[in-house]
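Taking it in order: structure first as structure tokens, then the write-up.
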Amino acid sequence: MSSNLRQDIFDSIEDINDLLGKYNGLFDKVKQVAPDYIEVAALGSVLQSFYNGVEGILILIAKQIDNQMPSDNAWHQSLLNQVLEATDKRDAVISSDTASGLAPYMKFRHFFRHSYTFMLDWERLQPLVDDLEVTWHNAKEELLVFCDTITPK
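See the structure below:
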């Protein structure tokens with residue numbers, strides 16, 4: 334395990350905080366009025382970047398602590414499942430509730446990567462935008478608790 338794993342996780346958490354902070358104005362705006370096409374595209378980009386960041390943290394843990402990354406066709410879901418379970422090397426990283434909250438972002442990220450932005454629909458995107466703050470808060474808190482269990486070798 335890298336002795337910098339904790340710092341790498343902290344840095345990634347800060348990056349996600351920065352990402353979401355830069356779009357606070359847009360998040361506030363869409364609570365009042367439906368976004369236009371460009372704003373929907375921006376929100377889609379933020380949502381996929383958010384999950385990329387979270388998944389990046391999970392990949393670090395899988396590689397550096399578990400020494401095992403899923404390699405099946407559904408490896409993104411398998412990775413999320415992997416970090417739910419404690420192992421002899423680590424505690425569970427996140428709870429099943431948090432994983433359930435993150436799953437729609439994982440699915441959206443897949444859609445976003447394999448579609449055109451004109452295919453984004455605000456009605457389908459809105460629940461993700463609305464739940465983002467709580468989802469990130471829960472995930473971040475659990476990741477920080479997990480970091481407290483990491484001891485450098």
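The numbering of the sequence shown is my numbering, which starts it at 334 and goes up by one.
Cβ atoms here follow ideal geometry from the backbone N, Cα and C, with glycine treated the same way.
Of the choices Arg457, Ile342 and Thr468, whose alpha-carbon is the least far from that of isoleucine 392?
Nearest option by C-alpha distance: Ile342.
Are there 16 or more other CB atoms within 10 angstroms of the CB of isoleucine 371, so buried, or fewer, so exposed?
exposed
Among Glu456, Asn350 and Leu461, which residue has its Cα nearest to the Cα of serine 433?
Leu461
Using three-state DSSP, classify asparagine 400 as helix, strand or coil.
In this structure, asparagine 400 counts as coil in the three-state DSSP scheme.
For chain C, is any of its Cβ atoms less than 8 angstroms away from the one on glutamine 397?
The structure shown contains no chain C, having only a single protein chain.
Using 8 angstroms as the Cβ pair cut-off and three pairs as the minimum, do the region 402-417 and the region 362-377 touch?
no
Alpha carbon to alpha carbon, how far is serine 448 from glycine 503? Give it in angstroms, no decimals.
It is not possible to answer for residue 503, since the shown part of the chain is limited to 334 through 486.
Mind checking which residues open and close the alpha helix (DSSP H) that includes lysine 440?
429-446
Measuring straight from C-alpha to C-alpha, what distance separates phenylalanine 444 and leucine 376?
14 angstroms
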